[in-house]
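End of the sequence shown sits at 370 in the working numbering; the numbers just go up one at a time, nothing left out.
Ideal Cβ positions, reconstructed from N, Cα and C, are used throughout, including at glycine.
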Amino acid sequence: MVTSASVPQRPVGLAAFDLEGRTALITGAAGLLGQEHAAALAQIGARVILTDVDLAKAESVALELKALYPDLIIPAQMDVTRADSIKHVASQLGPIDILVNNAAIDPKFDRSADQVETSRLEHFPLESWDFQIAVGLTGAFLCSQILGAVMASRGFGVILNIASDLSVIAPDQRLYRKEGLMDEDQPVKPVTYSVIKAGLVGLTRYLAGYWADSGVRVNTLSPGGVFNDHDEVFVRRLTDLIPMGRMADRSEYRSAVQFLCSPASSYMTGQNILIDGGRTLL
Ligand SMILES: NC(=O)c1ccc[n+]([C@@H]2O[C@H](COP(=O)([O-])OP(=O)(O)OC[C@H]3O[C@@H](n4cnc5c(N)ncnc54)[C@H](O)[C@@H]3O)[C@@H](O)[C@H]2O)c1
89 MVTSASVPQR PVGLAAFDLE GRTALITGAA GLLGQEHAAA LAQIGARVIL TDVDLAKAES
149 VALELKALYP DLIIPAQMDV TRADSIKHVA SQLGPIDILV NNAAIDPKFD RSADQVETSR
209 LEHFPLESWD FQIAVGLTGA FLCSQILGAV MASRGFGVIL NIASDLSVIA PDQRLYRKEG
269 LMDEDQPVKP VTYSVIKAGL VGLTRYLAGY WADSGVRVNT LSPGGVFNDH DEVFVRRLTD
329 LIPMGRMADR SEYRSAVQFL CSPASSYMTG QNILIDGGRT LL
């Protein structure tokens with residue numbers, strides 16, 4: 089019989105958020121949200137390896153964060169689409185206790201030379217499909233495979249996949265409409281975004297089940313849209329769809345990242361946490 093006496097002692101309350109002595113690796117960490125994840129984890133004591141394909145950007149973000157957390161921030165170049173790149177960083181700076189799969193391509197609306205809107209499904213180039221999935225989904229698989237396997241062999245680890253509210257709902261393409269264009273020329277959120285974000289939820293469930301008895305927990309965080317100087321029309325259209333009536337501030341996911349990456353969430357694995365101002369509740 090399992091009694092409370094046979095359950096190992098775990099820190100409770102605020103003590104459960106302590107990551108001192110742990111090493112976290114964040115992918116795509118030089119971007120808008122990656123640096124927030126880095127600050128969140130350093131704030132609770134983790135040593136943070138701030139990785140990005142763009143080393144100059146990673147170094148510049150790291151410099152800012154080092155002013156607050158001098159001994160905890162380490163920038164590194166890492167391309168999530170390349171196993172050798174991930175293995176190199178792990179061998180130099182590992183072992184990794186916490187992995188945040190955050191890297192993604194922010195799809196740009198783009199008209200091809202023959203004036204076709206290439207974000208639209210009918211014209212979406214196979215190269216864009218391959219490239220965006222390689223970074224957003226295959227990259228998360230590769231990092232989890234390489235770093236997660238070591239976590240499992242050590243009996244401890246946390247993986248956090250960063251998806252989106254679009255992991256559970258379809259994009260509302262009316263948000264992206266531009267005045268003066270015919271319907272067939274209107275830009276759209278590309279198909280890859282939905283496929284990648286839903287795929288991350290599947291990857292999360294698979295890995296969570298696979299490593300459930302190896303001490304590795306895997307969850308997804310699905311943020312809603314973060315305000316980043318978007319144009320007024322877009323903000324009005326989007327906020328009309330959000331019950332709380334506003335986009336997120338970039339700092340509003342920090343405490344969720346702290347919860348999901350620390351022992352504060354010790355009994356949680358395989359879940360997708362939506363933080364979206366209520367957008368997906370309607
Ligand atoms: N910003 C938002 O409103 C929002 C909302 C929901 C979900 N998200 C998700 O949050 C995550 C971060 O978004 P963001 O807004 O900070 O994006 P961002 O574009 O600002 O940052 C992404 C980073 O990934 C890096 N990157 C690209 N290819 C890479 C590769 N091959 N290897 C390593 N790094 C690579 C880029 O250099 C960039 O620094 C993404 O997964 C995004 O889909 C963002």
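For secondary structure counted as the alpha helix (DSSP H) over 4 or more consecutive residues, the segment 142 to 195 holds these complete runs in sequence order: 143 to 154, 171 to 181. When the alpha-carbon of ALA286 is set against those of ALA228, ALA104, VAL141, SER207, the nearest one is in ALA228. Checking the DSSP bridge columns, you'll see ASN249 partnered with ASN189, THR308. A residue is called buried when at least 16 other Cβ atoms come within 10 angstroms of its Cβ; GLU205 meets this threshold and is buried.
For THR139, the closest C-alpha among the options PRO259, GLY133, LYS175 is that of LYS175. If you draw a straight line from the Cα of SER207 to the Cα of GLN274, it is about 9 Å long.
Taken through DSSP and simplified to helix, strand or coil, VAL223 comes out as helix. Here ARG334 carries a coil assignment [DSSP, helix/strand/coil]. For VAL204, there is no enclosing beta strand (DSSP E), as DSSP gives it neither H nor E. Around the beta carbon of ALA117, 16 or more other beta carbons sit within 10 angstroms, so the residue counts as buried.
By the CB criterion at 9 Å, VAL223 and ASN360 fall outside the cutoff.
With fewer than three CB-CB distances shorter than 8 Å, the segment 340 to 347 does not count as touching the segment 279 to 298.
C-alpha of GLN123 to C-alpha of GLU272: approximately 37 Å in a straight line. Cβ contact annotation for LYS196 (same chain, cutoff 7 Å, sequence separation greater than five): none.
Here the segment 259 to 268 makes no contact with the segment 229 to 245; the two share fewer than three CB pairs at distances below 8 Å. Per DSSP, the continuous alpha helix (DSSP H) segment holding ALA128 begins and ends at 122 to 131. Between the C-alpha atoms of VAL141 and THR292 there is a straight-line separation of about 23 Å.
One Cα belongs to LEU113, the other to SER241, and the distance between them is close to 18 Å. For the segment 259 to 302, the full-length alpha helix (DSSP H) segments reaching 4 residues or more read 279 to 298 along the chain. Take ILE363, set aside five residues on each side of it, and the residues of its chain with a beta-carbon closer than 8 Å to its own are LEU309, SER310, PRO311, GLY312, ALA336, GLU340, TYR341, ALA344, in chain order. By the C-beta density criterion, LEU120 is exposed, having fewer than 16 other C-beta atoms within 10 angstroms. Apart from the 5 residues on each side of it in sequence, PRO99 sits with its Cβ closer than 8 Å to the Cβ of ASP106, PRO351 in its chain, given in chain order. LYS285 has its CB nearer than 8 Å to a heavy atom of ligand 1. Residue range 237 to 242 is occupied by the alpha helix (DSSP H) that includes ARG242. The Cβ-Cβ distance between ASN189 and ILE247 falls below 9 Å. By the beta-carbon neighbour count (other beta carbons within 10 angstroms, threshold 16), VAL321 is exposed. Between ILE330 and VAL279, the alpha-carbon positions lie close to 22 Å from each other.
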